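The structure appears below as structure tokens.
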């Protein structure tokens, strides 16, 4: 038994870490269905209710903040994913002057503290005469999301088997056909993961947004921070539960589709290497 546990200790440590990470999510889901005795009550009272799920859809400050965060997150994700994917292909597949410096510049937004980045962007927007609000928040989110997209997609490109593309070229596929039917489907899980990461970072960001927004434009994290002094409403847990559920479903669907594509491509590669009679 001791030998069996010692050979699989990494598996058990990984499972314990996953349990530790999912316990807070469990409480978020429970609190969204648990009746509260007051705005400052965060205990599990054991009374099931769907009242907070209905009230989360009502017009109000929280719904407007969620819509603003979703709008900023979606636009920033699309722009950052497109730019970051193109940059990843350029850095992973081509050699050019300044490639090392470009990698360093891309990594800097990830290593820079958010307070420094937020204050620097604020100074830039003020000196350029750009009014703070939706546009400045969007530009700031795109800037720090691009770095995460580049790192994620580059890792996917580095782990991709080049023989699959070579097999497609041997079967008289053009460069465009190879990219659309082989390369892009293989890189798609990495692009999807980068997009989900970008959206999560954008939706969750508070420090950079707080520096570069106006008093009339509020995102969901800023609403939660403003509500913390007078009691966070249970509807906040509803939003968190919905966001986690949507992200989980998207990841599962993406992994299933990726597995099917890899299986079909490997079958085609084996068929192309079999000797003809």
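Residue numbers (full-length UniProt numbering): 1 to 277.
Beta carbons: idealized from backbone N, C-alpha and C, even for Gly.
Remember, it's a predicted structure, so these values are computed and weren't measured experimentally.
Taking only three categories from DSSP, how would you classify residue i?
| i | result |
| --- | --- |
| residue 96 | coil |
| residue 179 | helix |
| residue 205 | coil |
| residue 43 | coil |
| residue 161 | coil |
| residue 277 | Low local confidence applies: a pLDDT of 49 at residue 277 is under 50, so the model's placement there is unreliable, with the coordinate-based value given in what follows. Correct three-state label for residue 277: coil. |
| residue 58 | coil |
| residue 217 | coil |
| residue 81 | helix |
| residue 186 | helix |
Could you say which of the options lies nearest to residue i if we only look at CA atoms?
| i | options | result |
| --- | --- | --- |
| residue 236 | 248, 222 and 247 | 222 |
| residue 267 | 229, 168, 231 and 251 | 168 |
| residue 111 | 155, 145, 79 and 89 | 145 |
| residue 255 | 239, 271, 52 and 187 | 187 |
| residue 243 | 172, 32 and 13 | 32 |
| residue 195 | 150, 257 and 232 | 150 |
| residue 200 | 75, 182 and 171 | 75 |
Using the beta-carbon count (16 or more within 10 Å), is residue i buried or exposed?
| i | result |
| --- | --- |
| residue 80 | buried |
| residue 234 | buried |
| residue 11 | exposed |
| residue 9 | exposed |
| residue 253 | exposed |
| residue 107 | exposed |
Pull the bridge partners of residue i from the DSSP assignment, please.
| i | result |
| --- | --- |
| residue 48 | 34 |
Could you tell me whether the segment 201 to 212 touches the segment 93 to 111, using the rule of 3 or more Cβ pairs below 8 angstroms?
-> no
State whether the segment 152 to 171 contacts the segment 123 to 142, with contact taken as three or more CB pairs (one from each stretch) at a distance under 8 angstroms.
-> no
Would the segment 171 to 179 and the segment 58 to 71 be scored as touching if the rule is three or more Cβ pairs under 8 angstroms?
-> no
Does the segment 39 to 54 come within contact of the segment 107 to 121, defined as at least 3 CB pairs closer than 8 angstroms?
-> no
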